[in-house]
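Heads up: the sequence shown begins at 5 in our numbering, then just goes up one per residue. To start, the structure under review is shown below, and the notes come after it.
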Amino acid sequence: MSNLERVKYYFEKGWATVVQVQMYVQYSVITGEEFEEITGEAYSTTT
5 MSNLERVKYY FEKGWATVVQ VQMYVQYSVI TGEEFEEITG EAYSTTT
């Protein structure tokens, strides 16, 4: 399972919030584009 698949699974199950998924981007686990794919929201460094 890739990092993208893992984070997406956690988000879909409700085990990770949007803020937590943003933290995965900040720690370079996933990209901003992958964040958008997972959450359906645009990634912004100011949020």
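Even for Gly, the Cβ is constructed at its ideal location relative to N, Cα and C. If you're wondering where the values come from, they're calculated on a predicted model, not measured in any experiment.
{"Query": "In whole angstroms, give me the CA-to-CA distance for Tyr28 and Gly36.", "Result": "9 angstroms"}
{"Query": "Rank Phe15, Gln30, Val33 and Tyr31 by C-alpha distance to the C-alpha of Gly44 and give the top, closest one.", "Result": "Phe15"}
{"Query": "According to the neighbour-count rule (16 or more other Cβ atoms, all chains shown, within 10 Å of its Cβ), is Val23 buried or exposed?", "Result": "exposed"}
{"Query": "State the DSSP-derived secondary structure class of Met5, mapped to helix, strand or coil.", "Result": "coil"}
{"Query": "What is the DSSP secondary structure of Val23, counted as helix, strand or coil?", "Result": "helix"}
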